[in-house]
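These notes are about the structure you will find just below.
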Amino acid sequence: MNPLREAVLARLAASHAPLSGDRMAGELGISRAAVWKHIEALRQQGLDIASHPGQGYVLQSDVLQAGVLEAQLRGKRLGHPCRMLEQVDSTNLEAMRLAEGGAAEGLVLLAERQQHGRGRLGRSWHTAPQDTLAMSIILRPPLTPDKVPQLSLVAAVGVHDALSAFAPDVRIKWPNDLLHRGAKVAGILTEMWSEPGVVHAVITGIGVNVRRPEAGWPKDIAAIATDLSSAAGRKISRTEVAARVIECLEQAYLDFLSHGFAPIRQRWWQAHLASGQNVRVHDGREYIEGIAQSLDDDGALLLATAEGVRRIIAGDLEVLA
Ligand code: BTN
Numbered sequence: 006m007n008p009l010r011e012a013v014l015a016r017l018a019a020s021h022a023p024l025s026g027d028r029m030a031g032e033l034g035i036s037r038a039a040v041w042k043h044i045e046a047l048r049q050q051g052l053d054i055a056s057h058p059g060q061g062y063v064l065q066s067d068v069l070q071a072g073v074l075e076a077q078l079r080g081k082r083l084g085h086p087c088r089m090l091e092q093v094d095s096t097n098l099e100a101m102r103l104a105e106g107g108a109a110e111g112l113v114l115l116a117e118r119q120q121h122g123r124g125r126l127g128r129s130w131h132t133a134p135q136d137t138l139a140m141s142i143i144l145r146p147p148l149t150p151d152k153v154p155q156l157s158l159v160a161a162v163g164v165h166d167a168l169s170a171f172a173p174d175v176r177i178k179w180p181n182d183l184l185h186r187g188a189k190v191a192g193i194l195t196e197m198w199s200e201p202g203v204v205h206a207v208i209t210g211i212g213v214n215v216r217r218p219e220a221g222w223p224k225d226i227a228a229i230a231t232d233l234s235s236a237a238g239r240k241i242s243r244t245e246v247a248a249r250v251i252e253c254l255e256q257a258y259l260d261f262l263s264h265g266f267a268p269i270r271q272r273w274w275q276a277h278l279a280s281g282q283n284v285r286v287h288d289g290r291e292y293i294e295g296i297a298q299s300l301d302d303d304g305a306l307l308l309a310t311a312e313g314v315r316r317i318i319a320g321d322l323e324v325l326a
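With the sequence shown counted from 1, adding 5 to any position gets you this note's numbering.
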């Protein structure tokens, strides 16, 4: 983006009151007409900027800016740097390409639009511009590949901590969906680049429904999706969610690296919506019913069924009444 346009946008995003064209012109050393041209260009890009006669401009859209986000992070390990893309196929794919090109641990990649946002089990992920937080984090954990599945659960614990700060009823659904009162508010996709015995990088991709899109959810997810703002009862910005998610994820990741998987597993189990309950799991081939008994070391769910304990590596879980 043109640097002056970006500066106009940054001022609007940081202001809690209407900002006059005169003031921005003075601060940026340009004419009022030039400010107006940048405002019009931003509107053309789809941003909702209201004009209040005699007072100034108000940015109504939720704008996510990498620099603003990065400046809010208190942790040192993740989010330095943050990068924001207007459009990408998938932030996970792009983060993987960056990792393959040598990008260091901690890089956070965010995007306004994903043409092919990806979900678990080969599904797609809907990214609503301005309403969805779509981000991927490059990790380079000192782990062997067999331990990497644990990172999906570390991420679930971190994201759960973060979202719970906004809405207390958020629960994890095995393996790493985040639900609010039964509807999905966020999902996590963890992907690994490795060779036998060595992990080169892990990409942790997180999608959070921060607000309900004005046009509503696409039909296929309308019945199962919800958003954090509705759950919290206030309009939440993507910047505050991203900052909290990155910080909580960093905390969970560092705890895991220092103390191992046991404490994470315990926290995951406490936050899980069906611990000790009767559930049905579809593992891609069949439905299996039983009591969610515990979580194995690799994140597999241990189900106590009528035929004995079954280990389920991947699938979809529903809680039975
Ligand atoms: C799921 O619930 O199935 C996982 C969804 C993960 C979506 C996020 S959005 C950012 C990152 N980029 C992707 O393509 N997917 C993840």
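Glycine residues also receive a C-beta, built at the ideal position from the N, C-alpha and C atoms.
1. Would you call the CB atoms of Ala-172 and Ala-236 closer than 8 Å?
2. With 16 other CB atoms within 10 Å as the buried threshold, where does Leu-262 fall?
3. Let me know the secondary structure DSSP gives Ile-229 once reduced to three states.
4. So the alpha helix (DSSP H) Arg-10 belongs to, where does it begin and stop?
5. Does the beta-carbon of Val-324 have 16 or more other beta-carbons within 10 angstroms, so that it is buried, or is it exposed?
6. In chain order, what are the residue ranges of uninterrupted beta strand (DSSP E) at least 3 long that sit wholly in the stretch 73–136?
7. Please work out which residues of its chain come closer than 7 Å, Cβ to Cβ, to Asp-27, disregarding the five sequence neighbours upstream and downstream, and give them in chain order.
8. Given a cut-off of 8 Å on the beta-carbon distance, is the pair Glu-99 and Arg-118 in contact?
9. Quick one: does the C-beta of Ser-141 sit closer than 7 Å to a heavy atom of ligand 1?
10. Using DSSP's beta-bridge definition, name the partner residues of Ala-71.
11. Using DSSP with H/G/I as helix, E/B as strand and the rest coil, what is Trp-198?
12. Just mark Asn-214 as buried or exposed, buried being the case when its beta carbon has 16 or more other beta carbons within 10 Å.
13. For the candidate residues Ile-318, Glu-294, Leu-322, Trp-222, whose alpha-carbon lies nearest to that of Glu-312?
14. CB of Ile-193 to nearest heavy atom of ligand 1: below 7 Å?
15. Using the Cα positions of Val-203 and Gln-155, report the straight-line distance between them to the nearest angstrom.
16. Report the option in Ala-309, Thr-310, Leu-300 whose CA atom is closest to the CA atom of Ile-318.
17. Go to Thr-149, then tell me how far its alpha helix (DSSP H) extends in each direction, as first and last residue.
18. Using DSSP with H/G/I as helix, E/B as strand and the rest coil, what is Arg-48?
19. Hey, is Trp-41 close to ligand 1, as in C-beta under 7 Å from one of its heavy atoms?
20. Who does Asp-182 pair with in a DSSP beta bridge?
21. Would you mind listing the alpha helix (DSSP H) stretches within the stretch 245–301 that are 4+ residues and don't spill past its ends, in chain order?
22. The beta strand (DSSP E) that contains Asp-27, what's its start and end?
23. Leaving out the 5 sequence neighbours to the left and right, which residues in its chain are closer than 7 Å to Val-159 when beta-carbon positions are compared?
24. Which two residues bound the contiguous alpha helix (DSSP H) that contains Val-164?
25. Whether or not the stretch 76–95 and the stretch 116–133 are in contact is what I'm after, with contact meaning three or more pairs of Cβ atoms, one per stretch, closer than 8 Å; do they touch?
26. Looking only at its own chain, which residues have a Cβ that is under 6 Å from the Cβ of Ser-25, when we skip the five neighbours before and after it?
27. What whole-angstrom Cβ distance do Leu-306 and Val-286 have, given they're in contact under 8 Å?
28. Any heavy atom of ligand 1 inside 7 Å of the beta-carbon of Trp-198?
29. What is the DSSP secondary structure of Val-40, counted as helix, strand or coil?
30. Just tell me which of Leu-183, Met-6, Ser-157 has its CA closest to the CA of Ala-3.
31. Tell me Ile-211's beta-bridge partners as DSSP assigns them.
32. Assuming Ala-18 and Val-73 form a contact by the criterion Cβ under 8 Å, report the distance between their Cβ atoms to the nearest whole angstrom.
Short version:
1. yes
2. exposed
3. coil
4. 8–19
5. exposed
6. 87–93, 113–119
7. Arg-37
8. no
9. yes
10. For Ala-71, which the question treats as bridged, DSSP gives no partner whatsoever.
11. strand
12. buried
13. Glu-294
14. yes
15. 16 Å
16. Leu-300
17. Run containing Thr-149: none; DSSP gives neither H nor E here.
18. helix
19. no
20. Lys-178
21. 267–276
22. First-last for Asp-27: 26–33, but that is the alpha helix (DSSP H), not the beta strand (DSSP E).
23. Ala-257, Tyr-258, Phe-261, Ile-269
24. 153–169
25. yes
26. Gly-61
27. 7 Å
28. no
29. helix
30. One cannot answer for residue 3 here, as it falls past the ends of the chain, which runs 6 to 326.
31. Met-140, Ile-193
32. 7 Å
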